[in-house]
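Visitor:
There are 2 protein chains.
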Amino acid sequence: MGSRQRHRAWLRSGWIPALALAGVVLGRAGSALASAGSAGHEDPFAGILFALALVVTSALLGRWLAARLGMASVVGELVIGVAVGNALYQLGDPLAVVLMHSGTVNDVVREAWLSGRSIAQAAQQVMGDEKLVPGTPGAQVIALLGGPDGPRLFMLMTALWIFSSFGVILLLFLVGLESTIEGMLQVGGRAAAVAAVGIAAPFALGWATSLWLLPDEAATTHLFHGAALTATSVGITARVFKDLGRLQSDEARVILGAAVIDDVLGLVILAIVVGIVATGRVELDAIARIALLSAAFLGAVLWLGEGLARRVVRLFAALERSQVKLLMPLVFGFLLAWAANEIGLASIVGAFAAGLVLRDELFEDAGSEARTLHEMLAPLESIFAPVFFVLMGMQVDLGHFREPATLALGGAFVAAAIAGKLAVGLAAGPGVDKLSIGIGMVPRGEVGLIFASIGKSLGVIDDAVFSAVVLMVITTTLVAPVGLGWSLRRGTGAGAAS
Amino acid sequence: MGSRQRHRAWLRSGWIPALALAGVVLGRAGSALASAGSAGHEDPFAGILFALALVVTSALLGRWLAARLGMASVVGELVIGVAVGNALYQLGDPLAVVLMHSGTVNDVVREAWLSGRSIAQAAQQVMGDEKLVPGTPGAQVIALLGGPDGPRLFMLMTALWIFSSFGVILLLFLVGLESTIEGMLQVGGRAAAVAAVGIAAPFALGWATSLWLLPDEAATTHLFHGAALTATSVGITARVFKDLGRLQSDEARVILGAAVIDDVLGLVILAIVVGIVATGRVELDAIARIALLSAAFLGAVLWLGEGLARRVVRLFAALERSQVKLLMPLVFGFLLAWAANEIGLASIVGAFAAGLVLRDELFEDAGSEARTLHEMLAPLESIFAPVFFVLMGMQVDLGHFREPATLALGGAFVAAAIAGKLAVGLAAGPGVDKLSIGIGMVPRGEVGLIFASIGKSLGVIDDAVFSAVVLMVITTTLVAPVGLGWSLRRGTGAGAAS
Chain C
0 MGSRQRHRAW
10 LRSGWIPALA
20 LAGVVLGRAG
30 SALASAGSAG
40 HEDPFAGILF
50 ALALVVTSAL
60 LGRWLAARLG
70 MASVVGELVI
80 GVAVGNALYQ
90 LGDPLAVVLM
100 HSGTVNDVVR
110 EAWLSGRSIA
120 QAAQQVMGDE
130 KLVPGTPGAQ
140 VIALLGGPDG
150 PRLFMLMTAL
160 WIFSSFGVIL
170 LLFLVGLEST
180 IEGMLQVGGR
190 AAAVAAVGIA
200 APFALGWATS
210 LWLLPDEAAT
220 THLFHGAALT
230 ATSVGITARV
240 FKDLGRLQSD
250 EARVILGAAV
260 IDDVLGLVIL
270 AIVVGIVATG
280 RVELDAIARI
290 ALLSAAFLGA
300 VLWLGEGLAR
310 RVVRLFAALE
320 RSQVKLLMPL
330 VFGFLLAWAA
340 NEIGLASIVG
350 AFAAGLVLRD
360 ELFEDAGSEA
370 RTLHEMLAPL
380 ESIFAPVFFV
390 LMGMQVDLGH
400 FREPATLALG
410 GAFVAAAIAG
420 KLAVGLAAGP
430 GVDKLSIGIG
440 MVPRGEVGLI
450 FASIGKSLGV
460 IDDAVFSAVV
470 LMVITTTLVA
480 PVGLGWSLRR
490 GTGAGAAS
Chain Z
0 MGSRQRHRAW
10 LRSGWIPALA
20 LAGVVLGRAG
30 SALASAGSAG
40 HEDPFAGILF
50 ALALVVTSAL
60 LGRWLAARLG
70 MASVVGELVI
80 GVAVGNALYQ
90 LGDPLAVVLM
100 HSGTVNDVVR
110 EAWLSGRSIA
120 QAAQQVMGDE
130 KLVPGTPGAQ
140 VIALLGGPDG
150 PRLFMLMTAL
160 WIFSSFGVIL
170 LLFLVGLEST
180 IEGMLQVGGR
190 AAAVAAVGIA
200 APFALGWATS
210 LWLLPDEAAT
220 THLFHGAALT
230 ATSVGITARV
240 FKDLGRLQSD
250 EARVILGAAV
260 IDDVLGLVIL
270 AIVVGIVATG
280 RVELDAIARI
290 ALLSAAFLGA
300 VLWLGEGLAR
310 RVVRLFAALE
320 RSQVKLLMPL
330 VFGFLLAWAA
340 NEIGLASIVG
350 AFAAGLVLRD
360 ELFEDAGSEA
370 RTLHEMLAPL
380 ESIFAPVFFV
390 LMGMQVDLGH
400 FREPATLALG
410 GAFVAAAIAG
420 KLAVGLAAGP
430 GVDKLSIGIG
440 MVPRGEVGLI
450 FASIGKSLGV
460 IDDAVFSAVV
470 LMVITTTLVA
480 PVGLGWSLRR
490 GTGAGAAS
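Heads up: the protein sequence lines correspond to chains C and Z, in order. When the letters of the first sequence are read in order and numbered with numbering that gives the first Met the number 0, they come out as residues 0 to 497. When the letters of the second sequence are read in order and numbered with numbering that gives the first Met the number 0, they come out as residues 0 to 497.
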C-alpha cells in the first residue's frame, strides 16, 4: 500500500520514519517468511484490516494538516485521499487502480457473473474495445481484475466500500441526532426563505452552467448538476461559527436553521432527481409521486416516528437494559435507512430521519446508561465516516484536471456554487449581516459529495464531471472558513445586529 | 428475510407482532411501489443494513432468552442463530441457503472468476456432478448463485462475513485488554500446571476419539479435532464466577490464570496445526519453525510492544488528542492482527496480543478522555461480535444430526471435551476444590468456535464434523454454568479453601 511514501510526504516527524521502518521490517519479514512456505495460512480479512488501518491513519494525518492550516477536518480527509490515491495510482498500486475505477469494476464483475463469461469478455461488452487498448487505464484495470489477484482486490475494494457506506449512514444519522424536529419547526420564515433561495439559486445557476458548457448531455445530467450544487453542510457551517466563537449570533442561528431545512430539501431534491434519472425522462407525474412519497415518508417518520421509537426503546429495554442506548438507535437507524430505500428515497434520508426522531429523553426510563446518544454513537462514526471521505478523495483522478475542459467546468461550478449561495443574503431580512449569511451557506461538504457519488453510481455523472464536482466541493469548503472569518470581523464593526 | 416468523416463534410479547406488522406493511408497501416503477434507485447497501439489523436484533433476543434460562449470552446468540438459520433454510430463504453453504459458495465464485467460466461450470469443477443432482442442496445453492439475484446474495453474504470477522477481531482484542502481561506472569506454577493438563488431556482425548471414530481421515484432520477441544473460554468462565459472586475465590483465580495461559497456548497450537495443514503433512521442522516464530512474535510484542505502543500513542496524540483513545487502539490492533497473519499466525492472535499490550496508563498524558479503553471500545464489540456468533449458529445444519454417525461423533467429542478438562483437577494442587476447577475449565465458548470455523475454511473439518464440534461447544458452554453452580455450593460446605 506504500504507507511509507504517504507518511514521509505528509509529516516530517521523527515518529513517522520510525513507525514506517518498523512497518517495512515487519512487512518484508512477513512476506519473506510467507513466501518461504513456512506458514502461509491466509486470512483474507487481515488485508482488509491493514487497508482500514491505513485509511484511518491517513484520515488522521489529513485532519491534522487541516487543523494546522485552520481548515475543516473534512477538507483534510478529502485532500489526503486525493493525494494518496493519485500518488499510489501513478505508482501502479493495484488497490489504488481498482478504487479509482470502482464503478467500472463493479459493472464488469456484474456482467461477467450474470453472462457466465470471463472478466476480459465482460469488459469488452461493458467498456467497448477502444477503452481496452493496451496501455490505457481500462486495460490496466481489467488485467488486474482478470489476474490471479483479482478476487482479493475485489474483496478489498468491496470491504472498503462497505465500511465507507456504513460511515455515511452513521454520519447522516448523527447529523439528524444533532437536529430536532422542534428546532426545525421553530426556525421561522426567515430561515425558510434563506433555505428556499439557497436551494433555488444554486440549482438554477448549476443547471444553466451545465446547459451552457455541456450542451450535448441529457436533460437528466443537467438536473443532477444543478441538484449537486444545492446542499449546505450543517456540520461545516456549525464548526466554522463555533471556531470563531459566534455560535449564538443571529447570523449563526439563521444559517443553521436554513442549513437544516436545506439538508432535508436537498435530500428530497436528490430523491426527485434520482427518480427522474431512473425513469429516463422528465415525468411530471413521477416527480409529483416521488415528492408525495418523500413527504409521506418524512411526515410519517416525523409524526408517528416518536411513538414507534418509544415502543422500540421499550422493547429493546425489555430485552437488555444495558445495551439499549447503543443497539436500539443503530437498529432503528438501519431499519429506517432500509425502509427509505425500499420506498425509493436514498437510504441516507432514512438514517437522517431516524436521527431526527431520536432524543435522549426517550431513553430516560430505559436502562442505566448516563452517556448521551451522541456520546454512545459518535465513536462508531469517528471510525467509519473518515473512510467515506478518504475513499471519495481517492476516486478523484487528478489526470482529469490536465484537460482544460474539466478545469473550466470545475471553475464554472465553483463560481455558480458560490454566487448561488451568496444570493441568499437577499432573503435574510433586516438586522443581520447579509454577506456573512451568504458566505456561511457556501460550504457543500459531505452532502455535496454524497450527491456526486450517487450521480456517479447512477452513471449520470461521468468521471470528468465527478472530478469537477469534487473540485467544487473542496473549493467551497476551503473558501468558506476563510471568507466567513473575514466577513464576520468586518461585520462586527459595520452593521451586524448582535 | 422472514423476520416475522423469527420474532413470533421466540417471544410472545405484544411488541413483536406490532413491530412485525409495521415491518410487513412497510416492506410490502415498499416492494409494491418499487415494482410499480415509480422510484427504483437501488442502494445495495440498504439490504446489508437490513440484514445487519435483523442479525443484531436476533442476537438480542437470543441473549434475552439465555438470561431468562440463566445461560451465558453467547449460548443464546448461538442457539438463536441455529434456530433462525435452520428455519429460514427449511423455508428456502435465499440468504439462509447461501450462508449455510458459505464455504462452497466462496470456492465456486473464486473458481468461476479465475477460470473465466460460468457459475454452473465452476460448480461442476468444484463440487462434482453427484452433489449437483437436481433437488440436492448443492443444486439449490448453484441455482441461486447463478440466477439474476446471485451477485446481490454474494454481496450480502460477504458483508455479513466482513462484519462478523470484524467482530471476532474486536472480541479477542477486548479479551486481551482484560488480561495484562503482569497478570499472566504472576499466575504461578499452579495455574500453569492446570493450563498444561487442560491443553494436553483434551487434545489427547480428542485426537484418540477422532482416530477411533473417523479412521479414514487424514492425520491433519485428527490433529485439528484434538486442537479444537483444547481451548478454554476466559469470558464465559469469568462470567460464571461473577454471576455466582465468587470471582475472588482461590478457585476462580487459578481457573482465570490457567484460562489466560490456555488461551495463548491454544492459539499457538492452532497456529501449529494450521501450519501443518498448510504444508500437507506433519513436518517436525515446520512445527519447530512455527513454534519459534509464534514465540518470537509474542515475545517481541510482549517485550517491545509497550515501547512501540507508547510511541504510537504519542504520535496519535500529536495528530489529534480528542480521538487518541479510540483510534490508536483500533489501528494498533488492526496492524498487529495483520502482522500476525503476515507471519503465519492467526490474525486473532495479533489482536489478542495488541489488547494484552495496551493499558489505560499508556494514555495518561495523551488526551482528555476520561473513559477507560474498555469503555471506549466495548460498544464496537457489542455490535459486531454478536454477528459472529449468530452467523456461526446459522451455519450449523441441523440436518446433519439426523445422521446417527454425526450425532455419535458429537456425543463422543462432548465426552472427550468434558473428561479432558475435568482431569485438570489432578494438577490443581492442595487446598482448592478440584472438581470446581475442572468444571470451570469446561466451557469452550468463542475460541472453540473460532477453531472450528478456521478448520472449516481450510477444508480440514467438513460440514458434518463442523456441526459435531459446534454441538460440543454449545454443550460444554451450557453444561458448565449448571455444573459449576452445583459444584461450588457443594464445595463451600465440603472442602474449599476460602
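In this text, a Cβ means the ideal position worked out from N, Cα and C, and glycines have one as well. These figures come from a predicted structure and were not determined experimentally.
Find out if the Cβ-Cβ distance for the pair residue 478 of chain Z, residue 417 of chain Z is shorter than 9 Å.
Guide: As a first step, residue 478 of chain Z is located in the second sequence; it is residue number 479 there, counting from the start. As a first step, residue 417 of chain Z is located in the second sequence; it is residue number 418 there, counting from the start. For residue 478 of chain Z and residue 417 of chain Z, yes; Cβs fall inside 9 Å.
Visitor: Please identify the residue among C:155, C:350, C:402 whose C-alpha is closest to the C-alpha of residue 44 of chain C.
Guide: Counting from one through the first sequence, the residue named residue 44 of chain C turns up at place 45. Closest option to residue 44 of chain C, Cα to Cα, is C:155.
Visitor: Relative to chain Z, which residues along the region 319–330 of chain C have a C-beta separation below 8 Å, given in chain order?
Guide: Cβ contacts with chain Z come from 319, 322, 325, 326, 329, 330.
Visitor: First and last residue of the alpha helix (DSSP H) that includes residue 56 of chain Z?
Guide: Taking the first residue of the second sequence as 1, we reach residue 56 of chain Z at position 57. Run containing residue 56 of chain Z: 43–67, per the alpha helix (DSSP H) assignment.
Visitor: Check whether the region 102–120 of chain C and the region 108–121 of chain Z touch, using three or more Cβ-Cβ pairs below 8 Å as the test.
Guide: As far as the Cβ criterion goes, the region 102–120 of chain C touches the region 108–121 of chain Z, which means the pair count is three or higher.
Visitor: Can you tell me which of the three DSSP states residue 443 of chain C falls into?
Guide: Here residue 443 of chain C refers to the residue found at position 444 of the first sequence. Correct three-state label for residue 443 of chain C: coil.
Visitor: Rounding to the nearest angstrom, what Cα-Cα distance links residue 319 of chain Z and residue 372 of chain C in this structure?
Guide: Looking up residue 319 of chain Z in the second sequence gives position 320. Looking up residue 372 of chain C in the first sequence gives position 373. One C-alpha to the other measures close to 23 Å.
Visitor: Would residue 124 of chain Z count as contacting chain C if we go by Cβ distances under 9 Å?
Guide: Mapped onto the second sequence, residue 124 of chain Z falls at position 125. So no, residue 124 of chain Z is outside the interface.
Visitor: Of all Cβ atoms in chain C, is any one closer than 9 Å to the Cβ of residue 117 of chain Z?
Guide: Position 118 of the second sequence, counted from the start, is the residue given in the question as residue 117 of chain Z. So yes, residue 117 of chain Z belongs to the interface.
Visitor: Determine contact between the region 421–434 of chain C and the region 355–369 of chain C, defined as no fewer than three beta-carbon pairs at a distance below 8 Å.
Guide: No contact exists between the region 421–434 of chain C and the region 355–369 of chain C.
Visitor: Can you grab the Cα-Cα spacing for the pair residue 335 of chain Z / residue 148 of chain Z, in whole Å?
Guide: In the second sequence, the residue the question calls residue 335 of chain Z occupies position 336. In the second sequence, the residue the question calls residue 148 of chain Z occupies position 149. Between residue 335 of chain Z and residue 148 of chain Z, the C-alpha separation is close to 37 Å.
Visitor: Reducing DSSP to helix, strand and coil, say where residue 488 of chain Z ends up.
Guide: For the purposes of this step, residue 488 of chain Z is identified with residue 489 of the second sequence, where counting begins at 1. Residue 488 of chain Z falls in the helix class under three-state DSSP.
Visitor: Against residue 372 of chain Z, what residues of chain C qualify as contacts under a CB-to-CB distance less than 8 Å, listed in chain order?
Guide: Counted from its first residue, the second sequence places residue 372 of chain Z at position 373. The contacting residues do not exist; residue 372 of chain Z stays about 12 Å from chain C at best.
Visitor: What number of angstroms, rounded off, separates the C-alpha of residue 544 of chain Z from the C-alpha of residue 361 of chain Z?
Guide: Lying outside 0 to 497, the shown extent of chain Z, residue 544 of chain Z is not represented and no answer is given.
Visitor: What in chain Z is Cβ-close to residue 300 of chain C, meaning under 7 Å?
Guide: Stepping through the first sequence from its first residue, residue 300 of chain C is reached at position 301. Under the 7 Å cutoff, chain Z gives no residues; its nearest Cβ is about 11 Å from residue 300 of chain C.
Visitor: When the Cα atoms are used, what is the spatial distance from residue 29 of chain C to residue 272 of chain Z?
Guide: Counting from one through the first sequence, the residue named residue 29 of chain C turns up at place 30. Counting from one through the second sequence, the residue named residue 272 of chain Z turns up at place 273. With a pLDDT of only 36 at residue 29 of chain C, under the threshold of 50, the placement of this residue in the model should not be trusted; the figure read from the coordinates follows. Those two C-alpha atoms are separated by around 19 Å.
Visitor: Which same chain residues end up closer than 8 Å to residue 94 of chain Z when comparing Cβ atoms and leaving out the 5 residues on each side of it in sequence?
Guide: By 1-based counting over the second sequence, the position of residue 94 of chain Z is 95. Within the same chain, residue 94 of chain Z has close Cβ partners 0, 50, 87, 152, 155, 156.
Visitor: For residue 35 of chain C, count neighbouring C-beta atoms within 10 Å of its own C-beta (all shown protein chains included) and say buried if the count is 16 or more, exposed if not.
Guide: For the purposes of this step, residue 35 of chain C is taken as the residue at position 36 of the first sequence. The predicted model places residue 35 of chain C with a pLDDT of 32, which falls under 50 and marks its position as unreliable, so this point remains unresolved.
Visitor: Can you tell me the Cα-Cα spacing of residue 359 of chain C and residue 307 of chain C, whole angstroms?
Guide: Sequence index remark: in the first sequence, residue 359 of chain C carries index 360 (1-based). Sequence index remark: in the first sequence, residue 307 of chain C carries index 308 (1-based). Each residue's Cα considered, the two are about 15 Å apart.
Visitor: When DSSP labels each residue in this structure, what does residue 506 of chain C get in the three-state scheme?
Guide: Residue 506 of chain C lies beyond the range of chain C shown here (0 to 497); nothing can be said about it.
Visitor: Comparing the C-beta of residue 108 of chain Z with each C-beta of chain C, is any distance below 9 Å?
Guide: Residue numbering aside, residue 108 of chain Z sits at position 109 when the second sequence is read from its first letter. Closer than 9 Å to some Cβ of chain C, the Cβ of residue 108 of chain Z qualifies, so yes.
Visitor: Return the CA-CA distance between residue 350 of chain C and residue 333 of chain C, expressed in angstroms with no decimal places.
Guide: For this step, residue 350 of chain C is matched to residue 351 along the first sequence. For this step, residue 333 of chain C is matched to residue 334 along the first sequence. Approximately 7 Å between the Cα atoms of the pair.
Visitor: Anything in the region 42–66 of chain C with a Cβ closer than 8 Å to a Cβ of chain Z? List those residues in chain order, please.
Guide: Answer set for the region 42–66 of chain C: 42, 44, 45, 46, 47, 48, 49, 51, 52, 55, 56, 59, 60, 62, 63, 66.
Visitor: Name the residue from Z:101, Z:420, Z:146, Z:439 whose alpha carbon lies nearest to the alpha carbon of residue 199 of chain Z.
Guide: Locating residue 199 of chain Z in the second sequence gives position 200, counting from the first residue. Taking only the C-alpha atoms, the option nearest residue 199 of chain Z is Z:420.
Visitor: Tell me whether residue 128 of chain C is buried or exposed, calling it buried when 16 or more other Cβ atoms sit within 10 Å of its Cβ.
Guide: Residue numbering aside, residue 128 of chain C sits at position 129 when the first sequence is read from its first letter. Looking at its Cβ environment, which holds fewer than 16 other Cβ atoms inside 10 Å, residue 128 of chain C is exposed.
Visitor: Return yes when the Cβ of residue 451 of chain C is within less than 9 Å of the Cβ of residue 158 of chain C, no when it is not.
Guide: In the first sequence, residue 158 of chain C corresponds to position 159, counting from 1. In the first sequence, residue 451 of chain C corresponds to position 452, counting from 1. Their beta carbons are not under 9 Å apart, which means residue 158 of chain C does not touch residue 451 of chain C by this criterion.
Visitor: Please classify residue 39 of chain C: does DSSP put it in a helix, a strand, or coil?
Guide: Translated into the one-based positions of the first sequence, residue 39 of chain C becomes position 40. Note that residue 39 of chain C has pLDDT 36, beneath the 50 cutoff, so the model's placement of it is unreliable and the number below is only indicative. Residue 39 of chain C: coil per DSSP, three-state reduction.
Visitor: To the nearest angstrom, report how far apart residue 293 of chain C and residue 92 of chain C are at their CA atoms.
Guide: Sequence index remark: in the first sequence, residue 293 of chain C carries index 294 (1-based). Sequence index remark: in the first sequence, residue 92 of chain C carries index 93 (1-based). Each residue's Cα considered, the two are about 43 Å apart.
Visitor: Is residue 409 of chain C near residue 470 of chain C, with beta carbons less than 9 Å apart?
Guide: Taking the first sequence and counting its residues from 1, one reaches residue 409 of chain C at position 410. Taking the first sequence and counting its residues from 1, one reaches residue 470 of chain C at position 471. Closer than 9 Å, so yes.
Visitor: Counting along the chain, where does the alpha helix (DSSP H) carrying residue 248 of chain C start and finish?
Guide: Taking the first residue of the first sequence as position 1, residue 248 of chain C is located at position 249. Residue 248 of chain C -> no alpha helix (DSSP H), and no H or E assigned at all.
Visitor: Distance check for residue 346 of chain Z and residue 316 of chain Z, CA to CA, integer angstroms please.
Guide: Along the second sequence, read from residue 1 onward, the residue named residue 316 of chain Z stands at position 317. Along the second sequence, read from residue 1 onward, the residue named residue 346 of chain Z stands at position 347. C-alpha separation (whole angstroms): 26 Å.
Visitor: Please name the residue in C:456, C:139, C:256 whose C-alpha comes closest to that of residue 177 of chain C.
Guide: Reading the first sequence from its first residue, position 178 is the one you call residue 177 of chain C. Answer by Cα proximity: C:256.
Visitor: Which chain Z residues are close to residue 337 of chain C, counting only those with a beta carbon under 8 Å from its beta carbon?
Guide: Stepping through the first sequence from its first residue, residue 337 of chain C is reached at position 338. What residue 337 of chain C touches in chain Z: 45, 46, 48, 49, 52.
Visitor: Report all residues from its chain with a CB closer than 8 Å to the CB of residue 396 of chain C; omit the five preceding and five following residues, and keep chain order.
Guide: For the purposes of this step, residue 396 of chain C is taken as residue 397 along the first sequence, with counting starting at 1. Contacts found: 85, 88, 99, 462, 466.
Visitor: Residues of the region 371–403 of chain Z in Cβ contact with chain D at a cutoff of 7 Å, in chain order, please.
Guide: Looking for chain D here will not work: the only protein chains present are C and Z.
Visitor: Give the secondary structure of residue 394 of chain Z by DSSP, where H, G and I count as helix, E and B as strand, and everything else as coil.
Guide: In the second sequence, residue 394 of chain Z corresponds to position 395, counting from 1. Three-state DSSP puts residue 394 of chain Z in coil, outside helix and strand.
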